[in-house]
Every structure is written in C-alpha cells, then in structure tokens.
Amino acid sequence: MREREMTAIIDFGAQYNQLIARRVREARVYCEVFAHDTPWEEIQARRPRAVILTGGPASVYAPGAPGVDAALFQAGVPVLGICYGMQLMAHRLGGAVTKGERGEYGGADLDLLETSELLAGLGPGERVWMSHGDLVREAPGGFRVLARTANAPVAAMADPTRRLYGVQFHPEVAHTPGGQRLLENFLYRIAGFRGDWTVSSFIEDSVRGVASQVGSGRAVAGLSGGVDSAVAAVLVARAIGDRLTCIFVDHGLLRDGEAEQVTRAFQGLEGLRLVAVDAADRFLEGLKGVTCAERKRRIIGELFIRVFEEEARKLGRVDFLVQGTIYPDVIESGRHGASLIKTHHNVGGLPEDLGLELVEPLRDLFKDEVRRVGAGLGLPAELTGRHPFPGPGLAVRVLGQVNRRRLDTLRAVDRIVTAEIREAGWYGRLWQVFPVLLPVRSVGVKGDRRTYGQVVAIRAVQSEDAMTADWARLPYELLDRIAHRVVNEVAETTRVVYDITPKPPATIEWE
Ligand code: XMP
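The numbers in the sequence shown follow numbering that gives the first Met the number 0, run straight up by one, and end at 510.
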C-alpha cells in the first residue's frame with residue numbers, strides 16, 4: 000500500500016481536539032491523533048511530516064502537567080503549537096509563560112506585527128478565538144513574535160529556521176474565520192503537504208488493504224440501517240465480492256420505510272449477498288414491560304447479537320467480521336490513548352467469541368468522510384446523507400413502555416416532522432431532528448370533546464460532533480406547520496412541545 004503522508008496531532012486533552020483533526024482532513028491532509036504520553040519514537044516511527052500540539056486544560060507549571068519529549072523540537076519536523084501547545088513550546092525552549100490573571104475567553108482582534116508564512120492572507124484586525132488562562136509573555140530565543148492581541152503579547156510566534164510555530168488562539172474553531180487558512184499555510188507552505196488525501200485515494204487504498212487482509216477468506220457484516228455499517232459493507236464487497244455476506248437484522252425499531260430502503264439499496268448491489276431477518280416480534284417480546292432506558296439498550300444489544308449469531312452460523316465457514324467502527328469511536332474508546340468519554344452500548348457491537356478477525360475499513364475516518372466515501376461508492380444520498388440514528392432505534396425515543404402501537408404513533412409523527420423539515424430546506428442544516436413520544440398524557444379538545452392524548456416533543460439540534468449541541472432556531476412558521484399537522488393527522492396526539500435545551504447539560508436523545 001502507498002504510504003500516506005501524515006500529520007501527527009498530539010492531544011493534551013482539550014475537549015474539542017477532534018476538531019483540529021477534522022480541519023486538517025478538510026485540508027485533504029491525513030492525520031492521526033496521539034495521546035500526549037505516546038513516546039516520541041513511536042510517533043516518529045510513523046514518519047509524520049508535521050506535528051500539531053493541541054490545547055489542553057493544564058498549566059505548564061502545574062505538578063504533573065503533560066509534556067513532550069524535547070527531541071520533538073529538534074527533529075526538524077514542522078511543529079505548530081496551539082494554545083497549551085504553544086505555551087509548552089515556549090516553556091520548554093526558554094520563553095516566559097505567566098499565569099494569566101483573569102484568563103481570556105472569547106473573540107479578540109489580532110494585531111499583525113510582521114509578515115509570515117504562517118499568517119499569510121490574514122488581514123489586520125483579524126478576529127480570533129481565545130480560550131486560555133496562562134499566556135506566553137516572552138517568546139523563546141530565536142523566535143519572532145508575529146502577532147499580538149490586547150491581552151496576549153505573544154498571540155503568534157515562529158522560528159522558521161527550526162520550523163517551530165505557535166498560536167495562542169484556536170484556528171480550529173468557526174469563531175476564527177481565518178483559522179482554516181492558517182492551518183493550510185502551516186500544512187502546505189511550511190510542511191509541504193500536497194493535499195492529496197481524497198475520497199478516491201482512500202477508496203483505492205482501502206479496497207486494496209481489505210483484499211490483502213481477507214485473502215481468500217470469507218466475511219460477514221452486520222447492517223444496522225445506519226451509514227457506517229452500510230459504507231463499511233460496500234467497501235468490503237468491492238474488495239471481496241460474494242465472499243462477503245451482509246446480515247440485516249431488522250429489530251422493528253427503525254423509522255418508516257427504513258428497512259425497505261436498506262434492503263433495496265443492498266439488493267441492488269452486484270456481487271453482494273444479503274440476508275434480511277425480520278426479528279421485530281422477538282425484540283418487542285424482549286422489551287415488554289421494560290421502561291428503563293439502559294435496560295432497553297442492554298436487551299436490544301444482546302438480542303441483536305443472538306439473532307446475528309444464529310444467522311452467521313448458518314453460513315458455514317466465515318473468518319472475518321466487518322465492523323463500521325469510525326475514528327471518533329477509536330479516539331473515544333481510548334484505543335488511541337485519549338480518555339474514555341462515551342460508553343454507548345452500541346447495537347451492532349458484536350461479540351468477540353464468534354472467533355472472527357475484525358475488518359474495520361472506516362476506522363481512520365470521521366463521519367463526514369464516511370458519508371463522502373459512501374457517495375463515492377455509489378450508495379444513494381438518502382442513505383449516506385441521513386442524520387445519525389441511535390442503534391437501539393425508536394425504543395429510546397418512545398419513553399417508557401415500547402409496544403407496536405406506540406411505535407406506530409411515533410413513526411407517523413416522525414414522517415411528518417422529517418417531511419416538513421426537508422420541505423423547508425432545513426434537513427441538511429441540522430445534526431439531528433426527531434420526535435420523542437413522552438410517557439404522559441395531556442388534555443386536549445377536538446371538536447367539542449375533551450380528549451386525553453399523547454404528547455410529543457420535537458428535538459432539533461445543530462452540532463459539529465454530538466459532544467456539544469444547541470437547539471435549532473427553527474422558524475416559528477415551520478414549527479407551527481409541524482404542530483398543526485401532527486395533532487390533526489395523528490389522532491393519538493393532543494400536544495406538541497419544542498425542546499430548547501442545549502447539550503450540555505441535556506443530552507441529544509431523551510433517554
Ligand atoms: P446523546 O443523547 O448522548 O447522543 O447526546 C449523542 C449521539 O449519540 C447518539 N446515541 C446513540 N447512538 N446507540 C447509538 O448508536 C445509543 O444507544 C445511542 N444513544 C445516543 C445520539 O443519537 C446522538 O447522535
């Protein structure tokens with residue numbers, strides 16, 4: 000396989016560090032995130048062409064503050080330190096870092112002091128986003144101060160001879176409009192990347208990689224109806240054809256028409272073998288009387304595995320299991336050293352005791368890249384462009400008891416919500432939008448009669464990565480249309496409410 004040019008991102012634990020990786024990928028440069036305590040020799044062995052040191056919550060003076068091997072700064076590899084990363088660089092190379100008295104959080108105007116490769120194309124008074132307690136008061140010997148702000152005497156610094164660069168502000172966030180430009184200056188002008196990390200090069204490399212991993216073996220893939228498992232399966236099918244069998248376990252908790260959509264998309268793919276199992280009755284039976292969300296997740300997860308195993312055993316000899324693991328799962332599961340953030344019990348997480356070797360063709364990709372690869376492989380836009388959907392499906396959106404009747408009510412509402420949101424051109428602007436069926440009844444008046452009916456909450460959020468999210472400011476007219484249609488067309492409902500809580504402290508889903 001052709002060796003990929005790579006940027007190493009050393010993670011000092013800021014909450015949004017995945018954003019840096021995503022911005023680098025948007026510049027068509029491949030990158031990987033390493034925990035800060037990964038030995039430098041290990042990172043160096045991967046031959047990074049550039050290194051980025053991220054921000055982080057520590058102070059360089061705190062006991063046990065995370066550091067880096069000094070050899071990094073002598074390696075001749077271009078290094079960009081961001082926020083804590085710059086403070087660390089300054090501290091290690093003899094500059095002065097002081098404790099900020101107040102800290103600085105929010106927008107600031109950049110005062111450019113001299114022209115530089117790093118800040119080329121950024122204008123005077125450029126807005127940048129600051130979020131720091133400590134600051135660099137004096138750059139180390141050999142460095143030039145490229146810019147300052149009212150609060151930060153060293154907002155950007157460079158030692159072009161040693162190829163070391165630092166910025167106090169955050170180029171990765173949307174509040175720094177010139178941030179992408181700065182990162183591209185660093186990657187292209189300073190580090191010399193060509194920007195050739197593209198969907199088609201990924202597909203080509205990865206088809207070759209899978210073909211060589213699987214050899215003449217046979218593989219099985221579980222389809223959940225979601226984007227990741229679908230794209231992983233198609234990619235593997237392209238590499239090994241009908242030696243892959245896809246098993247689609249329909250747990251009966253999908254939205255209207257979704258199961259048919261998956262079956263249609265996959266039946267149409269040449270060479271791919273599809274086994275579709277309608278297991279709705281078994282799942283509903285298992286969920287009978289269960290109201291606790293975590294128990295629902297566990298029951299669904301376990302049943303999914305059981306049904307999948309039964310089908311897989313019917314296939315005879317199988318050596319490999321295809322998983323739709325993506326890069327945020329890898330980073331968050333700590334397999335790359337970052338601390339454990341999320342422990343969602345994912346449906347589709349299959350047991351190790353099947354004795355199968357894993358094939359995870361998407362484990363280097365972010366979600367938006369997975370969507371582009373899916374499109375590049377010819378999957379329909381309705382599948383690749385779909386909002387994230389939880390593995391346990393509508394079971395965690397029907398709060399309380401899950402049964403066919405309540406699922407049907409929620410499906411009918413979901414159909415209306417999705418149609419109206421699409422019609423208004425909002426679907427692509429949202430991270431997720433969905434209704435939730437609440438476990439309370441509320442009074443209403445229909446005709447001349449008082450009725451007691453179901454309450455649905457509408458959740459519509461915008462987010463970059465689901466770690467944080469804000470409720471969408473949908474137009475009143477759109478909300479009005481949705482509410483009208485729901486209470487008129489879905490007889491069981493009497494009331495529609497709109498959820499206006501950000502994450503944190505609320506989560507995106509209601510259970
Ligand atoms: P929360 O509700 O934790 O959700 O803010 C963050 C993202 O994860 C999705 N989600 C799940 N995905 N299994 C999944 O595969 C689950 O049990 C699960 N719970 C939440 C949620 O839809 C959002 O995109």
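Glycine included, every Cβ here is placed at the ideal spot set by N, Cα and C. All of these numbers come straight from a predicted model, not from anything done at the bench.
Using 10 angstroms around the beta-carbon of residue i, count the other beta-carbons present and answer buried if the total reaches 16, otherwise exposed.
i      : result
Cys245 : buried
Cys291 : exposed
Ile340 : Because Ile340 carries a pLDDT of 32, less than 50, the predicted location of this residue cannot be relied on, and no value is offered for it.
Lys295 : buried
Thr492 : buried
Thr114 : exposed
Arg312 : exposed
Tyr104 : exposed
Glu40  : exposed
Glu356 : exposed
Tyr475 : exposed
Glu309 : exposed
Glu284 : exposed
Thr546 : The first residue shown for the chain is 0 and the last is 510, placing residue 546 beyond what the model contains.
Tyr83  : buried
Taking the straight line between their C-alpha atoms, what separation do you get for residue i and residue j?
i      : j      : result
Gly373 : Thr450 : 47 Å
Glu257 : Arg385 : 11 Å
Ser228 : Lys366 : 12 Å
Trp425 : Phe282 : 33 Å
Tyr523 : Ala380 : This structure cannot settle anything about residue 523, because the visible part of the chain is limited to 0 through 510.
Arg316 : Arg217 : 7 Å
Gly99  : Val401 : 53 Å
Arg396 : Arg440 : 16 Å
Leu134 : Ser211 : 50 Å
Leu314 : Val321 : 15 Å
Ala231 : Leu376 : 10 Å
His35  : Gln43  : 13 Å
Ile239 : Phe319 : 12 Å
Glu31  : Ala236 : 26 Å
Glu269 : Glu259 : 18 Å
Leu52  : Tyr497 : 41 Å
Within a Cβ cutoff of 6 Å, which residues of the same chain sit near residue i, ignoring the five residues on either side of it in sequence?
i      : result
Ile512 : Any property of residue 512 remains undetermined from this structure, which presents the chain solely from 0 to 510.
Asp108 : Gly124
Arg370 : Thr383
Asp515 : The question about residue 515 has no answer here: the residues shown for the chain are numbered 0 through 510.
Would you say residue i touches the ligand GDP, meaning its beta carbon is less than 7 Å from a heavy atom?
i     : result
Val76 : Only the ligand XMP can be found as ligands here, which leaves the ligand GDP out of the picture.
Using DSSP's beta-bridge definition, name the partner residues of residue i.
i      : result
Asp447 : Answer is none; Asp447 lacks a bridge partner.
Lys502 : Ala468
Leu477 : In DSSP, Leu477 forms no bridge with anything.
His131 : Glu103
Glu356 : Phe319
Ser441 : Gly452
Gly240 : Paired residues: none, contrary to the question.
Val166 : Ile81, Ala155
Cys30  : Thr6
Phe247 : Leu222, Ala275
Asp108 : Arg126
Ala459 : Val432
Glu137 : Ala95
Thr492 : Gln453
Leu52  : Ile9, Gly80
Ala146 : Leu111, Ala155
Tyr497 : Ile457
Against chain B, does residue i count as a neighbour if the rule is that its beta carbon must be under 8 Å from one of theirs?
i      : result
His174 : The chain inventory of the structure shown lacks chain B, comprising one protein chain alone.
Among residues of its own chain, excluding the 5 on either side of residue i, which ones have a beta-carbon nearer than 7 Å to its beta-carbon?
i      : result
Pro139 : Ala89, Leu92, Gly93, Gly94
Glu422 : none
Arg27  : Gly194, Asp195, Trp196, Thr197
For residue i, which residues from the same chain have a beta carbon less than 8 Å from its beta carbon, with the 5 sequence-adjacent residues on both sides left out?
i      : result
Glu488 : Ala411, Ile415
Gly443 : Arg449, Thr450, Tyr451, Gly452, Val486, Thr493, Arg494
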